[in-house]
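One structure below.
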Amino acid sequence: MSLGWRVKEVNIEERMVTFIREKPSADDKKPDKHATAKRVSQEFKVLALKAKSRIKKPTKISKSKIAILQARLKNIERARRLRRKLWKPL
């Protein structure tokens with residue numbers, strides 16, 4: 007394994023070391039990602055699709071359900087107001 011540098015000259019008296027940049031050789035090159043990528047089997051694809059279908063996405067509430075909830079909320083508020091009017095301290 008080479009780091010890309012080679013020692014050219016060492017001078018002990020002056021405490022100097024000279025390095026030379028090496029060109030990377032064919033052995034040191036990293037393999038191409040796409041060349042070494044493994045093919046995904048058909049069985050794995052089927053399993054991945056099944057797992058994806060099991061995960062439920064939050065669904066949007068329909069407008070009719072929202073309207074029913076709003077009507078229920080108004081009825082509860084109205085009932086609270088009526089209870090306050092009917093209850094009077096003595």
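Going by the numbering used here, the letters in the sequence shown line up with residues 7 to 96, in that order.
Where is the CB? At the ideal position from N, CA and C, for every residue including glycine.
The model shown is predicted, which means the values in this text are computed figures rather than measured ones.
Neighbourhood of residue i by C-beta distance below 6 Å, restricted to the same chain and skipping five residues each side
{"i": "Thr-24", "result": "Lys-14, Glu-15"}
Counterpart residues of residue i in DSSP-defined beta bridges
{"i": "Val-46", "result": "Val-46 is not bridged to any residue."}
{"i": "Trp-11", "result": "Arg-27"}
{"i": "Asn-17", "result": "Met-22"}
Integer-rounded CB distance, given that residue j should sit under 8 Å from residue i
{"i": "Trp-11", "j": "Arg-21", "result": "Rounded, the Cβ-Cβ distance is 18 Å, inconsistent with contact."}
Candidates the options, of which the one nearest residue i by Cα
{"i": "Leu-9", "options": "Pro-30, Asn-17, Ile-18", "result": "Pro-30"}
{"i": "Ile-67", "options": "Ile-61, Gln-76, Ser-59", "result": "Gln-76"}
Neighbourhood of residue i by C-beta distance below 8 Å, restricted to the same chain and skipping five residues each side
{"i": "Ser-47", "result": "none"}
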